[in-house]
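Engineer:
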Amino acid sequence: MIPLLDVRGVRKSYGRTVALDGVDLTVGEGTILGLLGPNGAGKTSLVSIVAGLRRPDAGTVRVAGIDVTREAPRARSIIGYAPQDTGVYSSLGVRENVRFFAALAGLRRGELRARVDAILHALGLDELSERRASQLSGGERRRLHTAIALVHRPRLVLLDEPTTGADVRTRAEILTLVRALADDGSAVVYSTHYLHEIEELGASVAFIDRGRVVAQGDVARLVAHHGTTALELTFDGDVPHILRADGALVDGSVARIPTDDPAATAAHMLRELGSAAGSLRGIEVIRPSLESVFLSITGRRYESAEHAA
Amino acid sequence: MNAARRVGVLVAHELRLARRDPTAILVLVVFPVIMMAFLKPVFRPALVETGHAHANGAEQVVPGQAAMAAFFLVSMVTFAFFAEHGWATWDRLRASAATPREIVLGKSLPFLGVGLVQFAVVLGTGVAFFGLDVRGDVVALVPLLTAFVASLVVLGVAVTALCRTAQQANAFGYSGMVVFGAIGGAFVPFALLPAWARTVAPVTPTYWVMRGLRAVILDGRGLAAVVTPTLVLVGMAALFAGVALRRLRFDDKKVGWA
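From first to last, the protein sequence lines are chains A and B.
Heads up: the first sequence begins at -1 in the working numbering, then just goes up one per residue.
Heads up: the second sequence begins at 8 in the working numbering, then just goes up one per residue.
Put into structure tokens, the structure is as follows:
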């Protein structure tokens, strides 16, 4: 069976900056692929290449078997794409915005009306359908932005950080809808830097870091394979030498110690530190999760990688 | 869904956006009418002096101001494109089933209609309220004005292709209106222009439309008199289209207004 999305060896550079360095991915019907990575990891470059907006320097992208570079209009007709920046026509009403893109996708008359009504309802916009987009709150605009991408029920959905800047309700509605889309058979590529959203969606995951896919698979398997519990000790100033000698991973004022028994390890470390424990600012137990997968693979905490990007 | 239907959807959408903010379209009509009221008495002696004893001034000022104001179309077309960048909807259009050619057609074709309606309204106002007498064949104005408006619309697409920011396009639009209007004989009668201006005037679309308009309105001539101006304007439109095709990059990041 042909995967809905098949990405092979995609490379892309902007001048001397390498954005994508040989990316391979496949996404089948009814699945959600969480594209995870810190800001600047290459997620947006990849999504825009899949959407046919940019040409890769090398490699191929096929959507339902159609080469996106060679047959862009045909491929785009089965893609629903919500870019990272909210894009709506402020002077038009909510319904007018959605209707325009539905009509451009080829929907007509009764089917167009039904699809527009359905997507407005699914994203809690039916009460606001006649309101101008300029009068919407940030979260409402984000929902409208997402509705535009989904109104024609695309087989491949590309959502580039859809919940960035979204309020709690918007975020919940988008996650629910994404799950429903996959249940209806669509393939969803969901780019985000929020790890917990992927855990909530139960999506499979591709970690992108510095333009490469560094880990791929379903959440449970990745966590089982790479995720280990770690004890993280943060100090005022440098990590005491004794911890370095004990084989802890040291990153500035933070020391991380992989362990199966964090309580016992913490007690042991406090004894070892002796008077140096006075400079200890905090102890945190990092449970196996996507975050610890990222830590295990890259040697960096996801949060700090995001800040560094 | 065929290409024609997608272009139709884009045209309807562009007109809907224009209806929501009709200021620019109103300027196309209001600006020349105000100028006509001020300038009509000034040009009667000039026209009489250049051998048109029957003229009342409207024969220069009505078509001249209409042709000058029509240059706003260049700015309107560039705005239509740059606004998509400002609203962050450009990538959405590009990611739709519409091809780049359909998007350009859908966004620019409405302005062809807007320009022709502008000429109809301004010339009609000239006849009704300013004593404009079209002595020649009115039908001859149709191909002439269609070619002129088309050249301006395509020039707008070419300017969009060449400019990176909305401010650059805006500067071209406004300075182009004044310079092309003045040199092309829309602001003052061509015969009164200095020799150097008369020499360079044929590089402007305004010169050719004014030449055709003068022939029909002032000299009472018909279709034969507009063939050359119309063909030159079609040629200019083709030249601007060539520039647009060569330089318009759909993945360029442009800086819009919004």
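The C-beta atom is built at its ideal place from N, Cα and C for all residues, glycine as well.
I'd like to know if valine 18 of chain B contacts chain A, where contact means its C-beta is closer than 8 Å to some C-beta of that chain.
Structural biologist: The residue you call residue 18 of chain B lines up with position 11 of the second sequence. With 8 Å as the cut-off, valine 18 of chain B does not count as an interface residue toward chain A.
Engineer: Buried or exposed for tyrosine 79 of chain A, please, with buried defined as at least 16 other CB atoms from any protein chain shown within 10 angstroms of its CB.
Structural biologist: The residue given as residue 79 of chain A occupies position 81 in the first sequence. So tyrosine 79 of chain A counts as buried.
Engineer: Any idea which residues DSSP pairs leucine 154 of chain A with across the strands?
Structural biologist: Position 156 of the first sequence holds residue 154 of chain A. Beta-bridge pairing links leucine 154 of chain A to A:Ile77, A:Ala185.
Engineer: Report the three-state DSSP secondary structure of leucine 3 of chain A (helix, strand or coil).
Structural biologist: The residue you call residue 3 of chain A lines up with position 5 of the first sequence. The answer is strand: DSSP assigns leucine 3 of chain A an E or B state.
Engineer: Whose C-beta lies closer than 6 Å to the C-beta of leucine 241 of chain A among residues of the same chain, with five residues either side of it excluded?
Structural biologist: Here residue 241 of chain A is taken as the residue at index 243 of the first sequence, counted from 1. So the list reads Ala253, once near-sequence residues are dropped.
Engineer: Name the chain B residues that come within less than 8 Å of glutamate 289 of chain A, Cβ to Cβ?
Structural biologist: Translated into the one-based positions of the first sequence, residue 289 of chain A becomes position 291. Correct list: empty, because the minimum Cβ distance to chain B is about 31 Å.
Engineer: Going by the CB atoms, is the gap between leucine 31 of chain A and leucine 18 of chain A shorter than 8 Å?
Structural biologist: For the purposes of this step, residue 18 of chain A is taken as residue 20 along the first sequence, with counting starting at 1. For the purposes of this step, residue 31 of chain A is taken as residue 33 along the first sequence, with counting starting at 1. The answer is no: Cβ separation not under 8 Å.
Engineer: Under the three-state reduction of DSSP, which class applies to aspartate 22 of chain A: helix, strand or coil?
Structural biologist: For the purposes of this step, residue 22 of chain A is taken as the residue at position 24 of the first sequence. Note: aspartate 22 of chain A maps to strand in three-state DSSP.
Engineer: Can you list, in chain order, the residues of its chain with a C-beta nearer than 8 Å to that of leucine 90 of chain A? Leave out the 5 residues immediately preceding and following it.
Structural biologist: Indexing the first sequence from 1 puts residue 90 of chain A at position 92. Excluding its 5 nearest sequence neighbours in each direction, leucine 90 of chain A has C-beta neighbours in its own chain below 8 Å: Phe98, Arg130, Ala131, listed in chain order.
Engineer: To the nearest angstrom, how far is the alpha carbon of alanine 265 of chain B from that of alanine 87 of chain B?
Structural biologist: Counting from one through the second sequence, the residue named residue 265 of chain B turns up at place 258. Counting from one through the second sequence, the residue named residue 87 of chain B turns up at place 80. Low confidence applies here, because alanine 265 of chain B scores a pLDDT of 48, under 50, leaving its location unreliable and the question unanswered by this model.
Engineer: In chain A, what lies closer than 7 Å to alanine 104 of chain B by C-beta?
Structural biologist: Within the second sequence, numbered from 1, the residue matching residue 104 of chain B stands at position 97. Those are Pro71, Arg74, Ser75, Leu102, Ala103, Gly104, listed as they occur along chain A.
Engineer: Relative to the alpha-carbon of arginine 74 of chain A, which residue among A:Ser88, A:Val48, A:Asn95 has its alpha-carbon at the smallest distance?
Structural biologist: Here the question's residue 74 of chain A lines up with position 76 in the first sequence. Among A:Ser88, A:Val48, A:Asn95, the Cα nearest to that of arginine 74 of chain A belongs to A:Val48.
Engineer: From what residue to what residue does the beta strand (DSSP E) around phenylalanine 233 of chain A run?
Structural biologist: Numbered from 1 along the first sequence, position 235 holds the residue referred to as residue 233 of chain A. It spans 228 to 233 - the beta strand (DSSP E) in which phenylalanine 233 of chain A sits, taken as one unbroken run.
Engineer: Tell me, to the nearest whole angstrom, how far the beta carbon of glycine 85 of chain A is from that of threonine 206 of chain B; I am working on the premise that it is less than 8 Å.
Structural biologist: The count along the first sequence starts at 1 and reaches residue 85 of chain A at position 87. The count along the second sequence starts at 1 and reaches residue 206 of chain B at position 199. Actually they are not in contact, since the Cβ atoms of glycine 85 of chain A and threonine 206 of chain B sit about 48 Å apart, beyond 8 Å.
Engineer: Using Cβ-Cβ distances below 8 Å, what residues of the segment 74 to 95 of chain A are close to chain B?
Structural biologist: Arg74, Ser75, Ile77, Tyr79, Pro81, Asp83, Thr84, Gly85, Val86, Tyr87, Ser88, Ser89, Leu90, Glu94
Engineer: DSSP puts phenylalanine 205 of chain A in a beta bridge; with which residues?
Structural biologist: Locating residue 205 of chain A in the first sequence gives position 207, counting from the first residue. Phenylalanine 205 of chain A is bridged by DSSP to A:Leu34, A:Ala213.
Engineer: Please report whether the beta-carbon of isoleucine 146 of chain A lies at a distance below 8 Å from any beta-carbon of chain B.
Structural biologist: Numbered from its first residue, the first sequence carries residue 146 of chain A at position 148. Chain B, which has a Cβ nearer than 8 Å to the Cβ of isoleucine 146 of chain A, makes this yes.
Engineer: Three-state secondary structure (DSSP) at glycine 122 of chain A?
Structural biologist: As a first step, residue 122 of chain A is located in the first sequence; it is residue number 124 there, counting from the start. The answer is coil: DSSP assigns glycine 122 of chain A none of H, G, I, E or B.
Engineer: Consider the Cβ of glycine 40 of chain A: report whether some Cβ of chain B lies at a distance smaller than 8 Å.
Structural biologist: Numbered from its first residue, the first sequence carries residue 40 of chain A at position 42. Chain B contact via Cβ: absent.
Engineer: To the nearest angstrom, report how far apart tyrosine 76 of chain A and glutamine 214 of chain A are at their CA atoms.
Structural biologist: Walking along the first sequence from the start, residue 76 of chain A turns up at place 78. Walking along the first sequence from the start, residue 214 of chain A turns up at place 216. Residue identity check: residue 76 of chain A is isoleucine in the sequence provided, not tyrosine. C-alpha separation (whole angstroms): 25 Å.
Engineer: Can you give me the C-alpha to C-alpha distance between proline 152 of chain A and serine 103 of chain B, rounded to a whole angstrom?
Structural biologist: In the first sequence, residue 152 of chain A corresponds to position 154, counting from 1. In the second sequence, residue 103 of chain B corresponds to position 96, counting from 1. The straight-line gap from Cα to Cα measures roughly 11 Å.
Engineer: Among A:Ala145, A:Gly108, A:Leu110, whose alpha-carbon lies nearest the alpha-carbon of leucine 126 of chain A?
Structural biologist: Here residue 126 of chain A corresponds to residue number 128 of the first sequence, with the count starting at 1. Ranking the options by Cα distance to leucine 126 of chain A, first place goes to A:Ala145.
Engineer: Mind reading off the beta-carbon distance from alanine 244 of chain B to alanine 157 of chain B? Whole number of angstroms is fine, and I expect it under 8 Å.
Structural biologist: Position 237 of the second sequence holds residue 244 of chain B. Position 150 of the second sequence holds residue 157 of chain B. Between alanine 244 of chain B and alanine 157 of chain B, the beta carbon gap of about 5 Å places them in contact (Cβ cut-off 8 Å).
Engineer: So which residues of chain B does alanine 49 of chain A contact, with C-beta pairs closer than 9 Å?
Structural biologist: Locating residue 49 of chain A in the first sequence gives position 51, where the first residue counts as 1. Chain-ordered, the chain B residues with CB closer than 9 Å to the CB of alanine 49 of chain A read Asp98, Arg101, Ala102.
Engineer: Identify, in the order they occur along the chain, each residue of the same chain with its Cβ nearer than 6 Å to the Cβ of methionine 42 of chain B, setting aside the five sequence neighbours on each side.
Structural biologist: Locating residue 42 of chain B in the second sequence gives position 35, where the first residue counts as 1. Hits under 6 Å: Gln72.
Engineer: Counting contacts by CB-CB distance shorter than 8 Å, is arginine 52 of chain A in contact with chain B?
Structural biologist: As a working note, residue 52 of chain A is residue 54 in the first sequence. Answer yes: the Cβ-Cβ gap between arginine 52 of chain A and chain B drops below 8 Å somewhere.
Engineer: Using the three-state DSSP reduction, which class does glycine 138 of chain B fall into: helix, strand or coil?
Structural biologist: Position 131 of the second sequence holds residue 138 of chain B. Glycine 138 of chain B sits in coil when the DSSP states are folded into three classes, being neither helix nor strand.
Engineer: Check tyrosine 214 of chain B in the structure and name its three-state DSSP category.
Structural biologist: Counted from its first residue, the second sequence places residue 214 of chain B at position 207. In the structure shown, tyrosine 214 of chain B sits in a helix (DSSP, three-state: H, G or I).
Engineer: When the Cα atoms are used, what is the spatial distance from isoleucine 196 of chain A to serine 135 of chain A?
Structural biologist: The count along the first sequence starts at 1 and reaches residue 196 of chain A at position 198. The count along the first sequence starts at 1 and reaches residue 135 of chain A at position 137. Straight-line spacing of the CA atoms in isoleucine 196 of chain A and serine 135 of chain A works out to 26 Å.
Engineer: Pairs of beta-carbons, one from the segment 114 to 133 of chain B and one from the segment 157 to 169 of chain B, closer than 8 Å: are there three or more?
Structural biologist: yes
Engineer: At what residues does the beta strand (DSSP E) containing glycine 57 of chain A begin and finish?
Structural biologist: Counting from 1 along the first sequence, the entry for residue 57 of chain A is found at position 59. Residues 56 to 61.
Engineer: In three-state terms, what does DSSP make of phenylalanine 86 of chain B?
Structural biologist: Reading the second sequence from its first residue, position 79 is the one you call residue 86 of chain B. Here DSSP, grouped into helix, strand and coil, assigns phenylalanine 86 of chain B to helix.
Engineer: Using CA atoms only, rank isn't needed, just tell me which of B:Phe136, B:Val40, B:Thr85 is closest to valine 262 of chain B.
Structural biologist: Taking the second sequence and counting its residues from 1, one reaches residue 262 of chain B at position 255. When only C-alpha atoms are compared, the closest one is B:Thr85.
Engineer: So, is the C-beta of arginine 108 of chain B closer than 8 Å to a C-beta in chain A?
Structural biologist: The residue labelled residue 108 of chain B in the question sits at position 101 within the second sequence. Not closer than 8 Å to any Cβ of chain A, the Cβ of arginine 108 of chain B fails to qualify, so no.
Engineer: With a threshold of 8 Å between beta-carbons, can aspartate 28 of chain B be considered close to chain A, or not?
Structural biologist: Taking the first residue of the second sequence as 1, we reach residue 28 of chain B at position 21. By this cut-off, aspartate 28 of chain B is an interface position.
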